[in-house]
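Participant: Mapped onto our numbering, the consecutive letters of the sequence shown carry residue numbers 78 to 188.
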Amino acid sequence: MKRITPNPYRNDSETRKYSQVIDGTMQYKVDFLLCTNARGTSVSSVTWEDDGSTDLTIANESLSGAIASADVSASSSGYGSLKVTATMADGSKEVQFIEVEIHDPSWKRYA
78 MKRITPNPYR NDSETRKYSQ VIDGTMQYKV DFLLCTNARG TSVSSVTWED DGSTDLTIAN
138 ESLSGAIASA DVSASSSGYG SLKVTATMAD GSKEVQFIEV EIHDPSWKRY A
């Protein structure tokens, strides 16, 4: 499991980078609690989007309080990107980008 906490005081979006193996599933959690506290509101909905060149499978999306979670997997190696958008009760949005490098452990690189 990878837990991500966005900084509500940043001026631009902040990309987090992780890696995982093909055909493996990793759970990602994005904790928007600091953002809700800074804005004095709550999270009303969250969307997870595959936003990269490698097809990622997003499953089991859920929202519990201010914590959004989803299981992510891929069937081919490469670089993928997730865009997680939280819509707050006041209508504002908070976006977190997650880059995922997918490795194929059977492919070996020789010098």
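Here a beta-carbon is modelled for each residue, glycine too, at the ideal position from N, C-alpha and C.
Quick check on Q104: buried or exposed, where buried means 16 or more other Cβ atoms within 10 Å of its Cβ?
Facilitator: Residue 104 sits at position 27 when you count from the first residue of the sequence shown. So Q104 ends up on the exposed side.
Participant: Among R93, T82, R116 and E91, which residue has its Cα nearest to the Cα of S169?
Facilitator: The residue given as residue 169 occupies position 92 in the sequence shown. Answer by Cα proximity: R116.
Participant: Excluding sequence positions up to five away, which residues of its chain have a Cβ less than 8 Å from the Cβ of V98?
Facilitator: Numbered from its first residue, the sequence shown carries residue 98 at position 21. So the list reads I179, H180, D181 and P182, once near-sequence residues are dropped.
Participant: Using the DSSP secondary-structure output, state which residues sit across from L140 in a beta bridge.
Facilitator: For the purposes of this step, residue 140 is taken as the residue at position 63 of the sequence shown. Answer by DSSP bridge pairing, in chain order: A145.
Participant: Output the distance between the C-alpha atoms of S122 and T164, rounded to the nearest integer angstrom.
Facilitator: Position 45 of the sequence shown, counting from 1, holds the residue named residue 122. Position 87 of the sequence shown, counting from 1, holds the residue named residue 164. Between S122 and T164, the C-alpha separation is close to 5 Å.
Participant: Measure the Cβ-Cβ separation of D127 and S158 and say whether it is below 9 Å.
Facilitator: What you label residue 127 is simply residue 50 of the sequence shown in a count that begins at 1. What you label residue 158 is simply residue 81 of the sequence shown in a count that begins at 1. A contact, by the Cβ cut-off of 9 Å.
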